[in-house]
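Protein chains in written order, with our numbering: chain S, 1 to 305; chain C, 1001 to 1209.
Beneath this line is the structure, given in structure tokens, with notes to follow.
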Amino acid sequence: MKIIRASEPIDVAHPVFLIFGQPGICKTSLAYSTADPLLLDFDAGAHRAANRRDTLQIGSWADVAELMANHDALTPYATVIPDTVGRCLDVMTADIIRDSPKLGPNGNLSQQGWGVLKNRFRTWTSSLRALGKDVLLIAHDKEDKDGDVRVVRPDIVGGSYGEVMKVADFVGYCYMSGKDRVLDFNPTDRWVGKNPANWAPFKVPPIGKATTFMAELFDLGRLALGRISEGSAKVTTAVDEWRTAVAAMTSAEEINRAIPEAQALSPILAPQAKKLLMDRAKALKLVWSPAASAFVIPQPVAAAV
Amino acid sequence: MRISTTTLESYRLFMQPDQEWMTEQSLIDTISGKFVPTEAVLRGKAFGEIVETPEAYAVPGGYQRGGYSFSAETMAPVFALIDRRGLFEVKAIRAYGPHDVVAVADHLLGTHLSEFKTTGSTFDFDKYAASCQWKFMADIFDPATITYHVFPLDDHGNGVVEVKTPESFRLYPYAALHQDCCTLLASFVGYVTAKGLDTLLNARQQEAA
């Protein structure tokens, strides 16, 4: 058993990426540039891709279940790519209704059925990660109209859209900008995105040259998530040190002396240090004097004559 | 002017072309501080207070606050999501030119900021992702991640609240985030100035100084 303390970083070994974009923009070809990929061809479109690598054509969820039951078959692969995740959810839905017709009256999932779909999808992606696989979800795009603004989102049906967006660590939109293919993980008012690495938009190399593009992104993504964890651990340690120091303060003078130091800290640390100071002041029954710009001992109210 | 992220989010919602439920009067009431909480808001407030200091509201078999009861069983999965080594209700202020924007983070642990939201309807990822609240939080606190924990609440009309399966997800700061915040703030300042509400917000800033 290894308990990871709050002040220690946690590695995110296997991030989940979601790449979406219009049909024909070479999402599948790009997906084959991951490390040791196995593409689960739910859309029956892999034959059109360049740089094709190992592919499992999916006719029904039984094909996926067979793969998941056979760990030896999965061993050679580092990345599993459901292509597309929208169609993957359709196939999963069909399997749920086949198993439990009550969850899908008239072929459409009931509210309870949607819950089962979300749980099954979440469990499945977790299982892939637990098996040590990177996961790249591919989706077509879908344009919705928000008033006069058109917003592009992954084409994923109903309530499962939220589940996919929850599961994905990185969400990137692939689009044409002139003659260039661009992959942008930044959310904008025109498309959704998730960008833990704070990447600028990528110009995707020509498909013939993009044979390791996504493998490199996964590695960079892993590093970025690791850095987030490491940075947070350092701040947690600093807050713990403040907590210890503040707990030892017993007077308004001590707290007031610490305020300028707290104010000079980084934007993430300063509010936490100030909160500790304020809580301590409250515990010591001190009050804030705007006139003195300091904590003071409250003056006793004069007794009424 | 001194402006809260909640006010800015109300303004953003009001400006959405397709929304009909946020009237201009309710926006002006929010800006003027005349906000009258709904039943759902009161329920959410009670829930939030229990999340922050459960020991203060503990009763045999669960928790009570503001006329609402929550069983220990319904709260257990909620507490399991929250690392109590973090700090609750952490306030920060950032100056945007002459204006101050005030944000209160529900929970901070290291560089991870969490927001606790309650809802009476089904989970809608885009509703939260589109919100300017987390963007201002990210711009003001500079966290590495912003996690939304969304708790669907149902009190079945009798004050005994059931917490349904929580939905949690992470959002991250992005390159244009500060610019997006400045653009919305500039639009808001233009609106309140045109409506003559700027005096009120300026007075708040002077009081806080």
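Virtual Cβ for every residue (Gly too), placed ideally from N, Cα, C.
For residue 1108 of chain C, a Cβ of chain S is located within less than 8 Å of the residue's own Cβ. Rounded to whole angstroms, the gap between the alpha carbons of residue 34 of chain S and residue 155 of chain S is 22 Å. In the three-state scheme derived from DSSP, where H, G and I count as helix and E and B as strand, residue 248 of chain S is classed as coil.
Closest in alpha carbon position to residue 294 of chain S, among S/173, S/300, S/282, is S/282.
Under DSSP, the beta-bridge partners assigned to residue 288 of chain S are S/295. One thing to note: residue 1002 of chain C has its Cβ no nearer than 8 Å to the Cβ of residue 1155 of chain C. For residue 289 of chain S, no Cβ of chain C is located within less than 8 Å of the residue's own Cβ. Between residue 273 of chain S and residue 284 of chain S, the beta carbon gap of about 17 Å keeps them out of contact (Cβ cut-off 8 Å).
Relative to the Cα of residue 1112 of chain C, the nearest Cα in the group S/279, S/59, S/228, S/296 belongs to S/228. Three or more beta-carbon pairs separated by less than 8 Å are not found between the region 39 to 57 of chain S and the region 109 to 121 of chain S, which leaves the two stretches without contact. With contacts defined by Cβ atoms closer than 8 Å, residue 176 of chain S and residue 58 of chain S do not form a contacting pair.
In the displayed model, residue 14 of chain S falls within coil according to three-state DSSP, outside both helix and strand. Sequence-distant partners of residue 1047 of chain C (beyond 5 residues in either direction) whose C-beta falls short of 6 Å from its own C-beta, in its chain, are 1118. Not a single CB atom of chain C sits nearer than 8 Å to the CB of residue 93 of chain S.
In the pairwise beta carbon analysis, the region 1173 to 1193 of chain C is classified as touching the region 195 to 210 of chain S: at least three pairs are separated by under 8 Å. Its chain contains 152, 173 as the residues whose beta carbon lies nearer than 6 Å to that of residue 191 of chain S, once the 5 sequence neighbours on both sides are disregarded; these appear in chain order. Any Cβ of chain C closer than 8 Å to the Cβ of residue 35 of chain S would place that residue at the interface, and such an atom is absent. The DSSP-derived three-state label of residue 174 of chain S is strand. Around residue 1093 of chain C, the same chain offers 1100, 1102 as residues with beta carbons nearer than 6 Å, after the five sequence neighbours per side are excluded. Around the C-beta of residue 1133 of chain C, 16 or more other C-beta atoms lie within 10 Å, and the residue is accordingly described as buried.
Residue 216 of chain S counts as exposed, since fewer than 16 other beta carbons sit within 10 angstroms of its beta carbon. Residues of chain C whose Cβ lies closer than 8 Å to the Cβ of residue 272 of chain S are, in chain order, 1087, 1090, 1108. From the beta-carbon of residue 1175 of chain C, the residues of chain S found nearer than 8 Å are 186, 195, 198, 200. In the three-state scheme derived from DSSP, where H, G and I count as helix and E and B as strand, residue 47 of chain S is classed as helix. Contacts between residue 1009 of chain C and chain S, judged by CB atoms closer than 8 Å, are missing: the closest CB pair is about 15 Å apart. With a cut-off of 8 Å on Cβ pairs, the region 203 to 222 of chain S is not in contact with the region 252 to 268 of chain S, counting fewer than three such pairs.
Per DSSP, the unbroken alpha helix (DSSP H) holding residue 71 of chain S starts and ends at 71 to 74.
Residue 233 of chain S and residue 239 of chain S have their C-alpha atoms some 10 Å from each other.
Within 7 Å of the CB of residue 104 of chain S, no CB atom of chain C is found; the nearest one sits about 18 Å away. Of the residues S/66, S/81, S/103, S/126, the one whose Cα lies closest to the Cα of residue 167 of chain S is S/126.
Under the DSSP assignment, residue 1112 of chain C falls outside any alpha helix (DSSP H), being part of the beta strand (DSSP E) whose first and last residues are 1112 to 1119. For the pair residue 290 of chain S and residue 1206 of chain C, the Cα-to-Cα distance works out to about 12 Å. Proximity to residue 19 of chain S across S/186, S/138, S/111 peaks at S/138, based on C-alpha coordinates. If you check the CB distance, residue 1014 of chain C and residue 1022 of chain C come in under 8 Å. Shown in chain order are the members of the region 202 to 236 of chain S whose Cβ falls below 9 Å from a Cβ of chain C: 227, 228, 229, 231, 232, 233, 234, 235, 236.
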